[in-house]
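Engineer: Can you read through this structure? Questions will come right after.
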Amino acid sequence: MVATWIASIVMLSGAQGGTSLLRQIVPSPTGINGYEDYLSAADAINDGQLDDYLSWSSHQYQDYLNSFTPGPDMSPEEVRELKAIKPDAQKLARLKRLSTMNFLEVRREAKKHYEKALQFLHRGSTKKAWDPRQKIVADTLMPEYTYFKSLAKLAKMASFAAFADGDTKEGTEILIDTLALGYNLQNGILISNLVGTAIQAIAMAAFERNLQNISVFDAKTIETRVGAMLGGNPLIVDSIKREFQFSIDAFNDMLDKVESIISNQGVNDDLNAGLKQKLKSLTPAQKESLSQKLRSELMPKYQEIVAQFSKPESEWGKINDQEEASPDETLANLNTPDQFVEYWSRNLLPVFGQVGQAAAKLRAQLRLLRLHAAVLRYKWENGSMPKTLEDAVARKDTIDPLNGQLFVYEQQPPWGFRIYSLGSPQLGQIELKYRRPANFVPQDSGPVPPLLTAGP
Numbered sequence: 005m006v007a008t009w010i011a012s013i014v015m016l017s018g019a020q021g022g023t024s025l026l027r028q029i030v031p032s033p034t035g036i037n038g039y040e041d042y043l044s045a046a047d048a049i050n051d052g053q054l055d056d057y058l059s060w061s062s063h064q065y066q067d068y069l070n071s072f073t074p075g076p077d078m079s080p081e082e083v084r085e086l087k088a089i090k091p092d093a094q095k096l097a098r099l100k101r102l103s104t105m106n107f108l109e110v111r112r113e114a115k116k117h118y119e120k121a122l123q124f125l126h127r128g129s130t131k132k133a134w135d136p137r138q139k140i141v142a143d144t145l146m147p148e149y150t151y152f153k154s155l156a157k158l159a160k161m162a163s164f165a166a167f168a169d170g171d172t173k174e175g176t177e178i179l180i181d182t183l184a185l186g187y188n189l190q191n192g193i194l195i196s197n198l199v200g201t202a203i204q205a206i207a208m209a210a211f212e213r214n215l216q217n218i219s220v221f222d223a224k225t226i227e228t229r230v231g232a233m234l235g236g237n238p239l240i241v242d243s244i245k246r247e248f249q250f251s252i253d254a255f256n257d258m259l260d261k262v263e264s265i266i267s268n269q270g271v272n273d274d275l276n277a278g279l280k281q282k283l284k285s286l287t288p289a290q291k292e293s294l295s296q297k298l299r300s301e302l303m304p305k306y307q308e309i310v311a312q313f314s315k316p317e318s319e320w321g322k323i324n325d326q327e328e329a330s331p332d333e334t335l336a337n338l339n340t341p342d343q344f345v346e347y348w349s350r351n352l353l354p355v356f357g358q359v360g361q362a363a364a365k366l367r368a369q370l371r372l373l374r375l376h377a378a379v380l381r382y383k384w385e386n387g388s389m390p391k392t393l394e395d396a397v398a399r400k401d402t403i404d405p406l407n408g409q410l411f412v413y414e415q416q417p418p419w420g421f422r423i424y425s426l427g428s429p430q431l432g433q434i435e436l437k438y439r440r441p442a443n444f445v446p447q448d449s450g451p452v453p454p455l456l457t458a459g460p
């Protein structure tokens, strides 16, 4: 599939040559784009140490030492090569220090060590944020995405430390900032949208673990900030429109660099010699004509997808992806540039059915987070649990757009409760942290959400 090929090119590569991500992507920062602050946060965690915190275990130090000990099955040459490698002294000292700490102490240290990164995360999340690149093409690298996901994992650790030490305002703020990071990524091309979805899932899981600790102030903050994320048009529509433009820009860029791209991306052997020569010989006018042809081929398909995502969320999971191309339809069988364009137009569309399910699930989880916060806010304000969700929120907020039914609210006296979505045939039941069982079959009842205890 051409779409798979493009996705493999837009890689999550690291910063080039150790260059600052901010300088690499935004040579002249404006100060008004939160994305610049996110890049500064990524630079702050790019110190070669974060993975030691994220992958911490009590035996991490010993495991590192053991990695330099020859195994019984090693050949003499392998033993010599291993002995020539010396452990990194700073890493060794760091792992030894971390090995003396417990779970909470490691998270406290990570929070303190990366305080600057968390400040940049917060600053970026208080501004409008957008990808500053003027154009994205097939060989555009997105090195920041890997760091953004690591930043979300760091935020999860830092929020745990804040909640454990009684600073629920800070813990809530860190996770809200992480949700905002994911949200702001979701109006980019589809890869950006999916990275944003993954980041919000990390924050959602952390909220599930710590919601029972939040104050009434925290609950109101969650209701307000998450409500704002749910307001307006779903960002998935903007993402699809940007994906369409990306498809056109990537194709145009390929025509401009056809010789180097064909030879460097493993496509060279698949194209017949006649077509390769024709593509290399295209005039600017011919390239523009092919670009317009691709646009006219793709636009109706993307318009149909946008129309589908403009329908209620209950319809998103019903989107049918185009059928796979015939096995006989290969690059090797193409003889003319027009056939090449037609091949691209048939094979370029992403798997929007899966994208729709992911987007619908995430919006259900955001609504669940807001409802959990509303119930906890009600508990603090009234000294009792609401009998129904309508006691805590407006009736319209008790209805799940994913299926048109009420969100399920179950009291577990004296202070426990569960709130979950009945979901859809494609997803099963949905909770704050989505748990799709390994043996899930669509139409089944799905997983049972966990009990949340609100405390006395």
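Count along the sequence shown starting at 1, add 4, and that's the number in this note's numbering.
Backbone N, C-alpha and C fix where the C-beta goes; we use that ideal spot for every residue, glycine too.
1. Around the Cβ of Val83, are there at least 16 other Cβ atoms within 10 angstroms (buried) or fewer (exposed)?
2. Pull up the distance between the alpha-carbon of Leu352 and that of Asp257, whole angstroms please.
3. State the DSSP-derived secondary structure class of Glu435, mapped to helix, strand or coil.
4. Among all the DSSP beta bridges, which residues are the ones paired with Arg422?
5. Determine the contact status of Asn339 and Leu279, defining contact as a CB-CB distance below 8 Å.
6. Could you check whether Phe250 and Ile309 sit closer than 8 Å to each other, using their CB atoms as the reference points?
7. So Leu26 and Tyr68 are in contact, right, with Cβ under 8 Å, and what is the actual spacing, rounded?
8. Can you give me the Cβ contacts of Ala184 inside the same chain, cut-off strictly under 6 Å, excluding the 5 residues immediately before and after it?
9. Which residue wins for smallest C-alpha separation from Asp260, given the options Phe72, Pro288, Gly235 and Glu247?
10. Would a C-beta distance cut-off of 8 Å place Leu302 and Phe344 closer than the cut-off?
11. Are Arg367 and Leu234 close, meaning C-beta to C-beta below 8 Å?
12. Which class does Gly468 belong to by DSSP, given the choice of helix, strand or coil?
13. Where does Ile195 fall in DSSP's three states?
14. Looking at Leu125 and Ala45, is the spacing between their C-beta atoms short of 8 Å?
15. If we define contact as Cβ-Cβ less than 8 Å, is Asp67 a contact residue for chain C?
16. Whole angstroms is fine: what's the gap from Lys139's alpha carbon to Asp253's?
17. Do Ala165 and Leu122 have their beta-carbon atoms positioned less than 8 Å apart in this structure?
18. Rounding to the nearest angstrom, what Cα-Cα distance links Pro304 and Ser243 in this structure?
19. Excluding the 5 residues flanking Gln290 on each side, which residues of the same chain have their C-beta closer than 8 Å to its C-beta?
20. Write down every uninterrupted run of the alpha helix (DSSP H) in the stretch 83-136 whose length is 4 residues or greater and which is fully enclosed by it, in chain order.
21. Just grab the DSSP bridge partners of Ile403 for me.
22. Taking 7 Å as the cut-off, is the CB of Glu227 close to at least one heavy atom of the ligand PLP?
23. Keeping to the same chain, check which residues put their C-beta closer than 7 Å to that of Ala114; ignore five residues upstream and five downstream.
24. Grab me the residues of Leu406's own chain with a C-beta within less than 7 Å of its C-beta, minus the 5 sequence neighbours each way, in chain order.
25. For Asp41, is the classification buried or exposed, using 16 other Cβ atoms within 10 angstroms of its Cβ as the cut-off for buried?
26. Go to Val348, then tell me how far its alpha helix (DSSP H) extends in each direction, as first and last residue.
27. Given a threshold of 16 other Cβ atoms within 10 Å of its Cβ, counted over all protein chains shown, does Ile36 qualify as buried or as exposed?
28. Assign Trp134 to one of two classes, buried (16 or more other C-beta atoms within 10 Å of its C-beta) or exposed (fewer than that).
29. What are the boundary residues of the alpha helix (DSSP H) that His376 is part of?
30. Going by C-alpha to C-alpha distance, which of Lys315, Lys87, Phe255 and Lys322 sits closest to Gln296?
31. What are the start and end residues of the alpha helix (DSSP H) that includes Gln66?
32. Within 10 angstroms of the Cβ of Lys120, are there 16 or more other Cβ atoms? Answer buried if so, exposed if not.
33. Can you tell me whether DSSP reads Ala254 as helix, strand or coil?
34. Compute the beta-carbon to beta-carbon distance between Val199 and Lys153, rounded to the nearest angstrom, for a pair I have assumed lies under 8 Å.
35. Of the residues Gln312, Ile89 and Leu294, which one's Cα is nearest the Cα of Val241?
Structural biologist: According to the structure data:
1. In the sequence shown, residue 83 corresponds to position 79, counting from 1. With fewer than 16 other Cβ atoms within 10 Å, it is exposed.
2. Along the sequence shown, one-based indexing puts residue 352 at 348. Along the sequence shown, one-based indexing puts residue 257 at 253. Going from the Cα of Leu352 to the Cα of Asp257 covers about 15 Å.
3. As a first step, residue 435 must be located in the sequence shown, where it is residue number 431. DSSP places Glu435 in coil when its eight states are reduced to three.
4. Here the question's residue 422 lines up with position 418 in the sequence shown. Arg422 pairs with Glu414.
5. As a position in the sequence shown, residue 339 is number 335, starting the count at 1. As a position in the sequence shown, residue 279 is number 275, starting the count at 1. Yes, Cβ-Cβ distance for Asn339 and Leu279 is below 8 Å.
6. Start at 1 with the first residue of the sequence shown, and residue 309 comes out as number 305. Start at 1 with the first residue of the sequence shown, and residue 250 comes out as number 246. No.
7. Against the sequence shown, residue 26 aligns to sequence position 22. Against the sequence shown, residue 68 aligns to sequence position 64. So it is not a contact: roughly 31 Å between Cβ atoms.
8. As a working note, residue 184 is residue 180 in the sequence shown. Correct list, in chain order: Ser129.
9. On the sequence shown, position 256 is the one that residue 260 refers to. Checking every option, the nearest Cα to that of Asp260 belongs to Pro288.
10. Within the sequence shown, residue 302 is the residue found at index 298, counting from 1. Within the sequence shown, residue 344 is the residue found at index 340, counting from 1. For Leu302 and Phe344, no; Cβs fall outside 8 Å.
11. For the purposes of this step, residue 367 is taken as the residue at position 363 of the sequence shown. For the purposes of this step, residue 234 is taken as the residue at position 230 of the sequence shown. Against a cut-off of 8 Å, the Cβ pair of Leu234 and Arg367 comes out as a contact.
12. Look at the range of the chain in this structure, 5 to 460, and you will see that residue 468 is not part of it.
13. Taking the sequence shown and counting its residues from 1, the one referred to as residue 195 is at position 191. In the structure shown, Ile195 sits in a helix (DSSP, three-state: H, G or I).
14. The residue you call residue 45 lines up with position 41 of the sequence shown. The residue you call residue 125 lines up with position 121 of the sequence shown. Yes, the Cβ-Cβ distance between Ala45 and Leu125 is below 8 Å.
15. Here chain C cannot be found, since the structure has a single protein chain.
16. Position 135 of the sequence shown holds residue 139. Position 249 of the sequence shown holds residue 253. Spanning the two alpha carbons is a distance of roughly 8 Å.
17. Here the question's residue 122 lines up with position 118 in the sequence shown. Here the question's residue 165 lines up with position 161 in the sequence shown. No, the pair does not count as a contact, with Cβ atoms beyond the cut-off.
18. As a first step, residue 304 is located in the sequence shown; it is residue number 300 there, counting from the start. As a first step, residue 243 is located in the sequence shown; it is residue number 239 there, counting from the start. Approximately 16 Å between the Cα atoms of the pair.
19. To locate residue 290, count along the sequence shown from 1; it is residue 286. Excluding sequence neighbours, Gln290 sits near Pro341.
20. 93-103, 107-117 and 119-129
21. Here residue 403 refers to the residue found at position 399 when the sequence shown is read from its first residue. Per DSSP, Leu410.
22. This structure simply doesn't include the ligand PLP, nor any ligand for that matter.
23. For the purposes of this step, residue 114 is taken as the residue at position 110 of the sequence shown. Cβ neighbours of Ala114 beyond the five flanking positions: Tyr57, Leu158, Met161 and Ala162.
24. As a working mapping, residue 406 is identified with position 402 in the sequence shown. Cβ within range, chain order: Glu317, Ser318, Ala364, Ala368, Ser425, Gly427 and Ser428.
25. The residue you call residue 41 lines up with position 37 of the sequence shown. Label assigned to Asp41: buried.
26. On the sequence shown, position 344 is the one that residue 348 refers to. The amino acid at residue 348 is misidentified as Val; the sequence shows Trp. That run of the alpha helix (DSSP H) goes Pro341 to Asn351.
27. Working through the sequence shown from its first residue, we reach residue 36 at position 32. It is exposed - the Cβ of Ile36 has fewer than 16 other Cβ atoms within 10 Å.
28. Residue mapping note: residue 134 aligns to position 130 of the sequence shown, counting from 1. That one is exposed.
29. Counting from 1 along the sequence shown, the entry for residue 376 is found at position 372. Here the alpha helix (DSSP H) through His376 covers Phe356 to Asn386.
30. On the sequence shown, position 292 is the one that residue 296 refers to. Minimum Cα distance to Gln296 is reached at Phe255.
31. Translated into positions along the sequence shown, residue 66 becomes position 62. That run of the alpha helix (DSSP H) goes Gln64 to Asn70.
32. As a first step, residue 120 is located in the sequence shown; it is residue number 116 there, counting from the start. Looking at its Cβ environment, which holds fewer than 16 other Cβ atoms inside 10 Å, Lys120 is exposed.
33. The residue labelled residue 254 in the question sits at position 250 within the sequence shown. Helix, per DSSP.
34. Within the sequence shown, the letter at position 195 stands for residue 199. Within the sequence shown, the letter at position 149 stands for residue 153. At roughly 7 Å, the Cβ-Cβ gap stays under 8 Å, so Val199 and Lys153 are in contact.
35. To locate residue 241, count along the sequence shown from 1; it is residue 237. Looking at the Cα atoms, Gln312 is the closest of the given residues.
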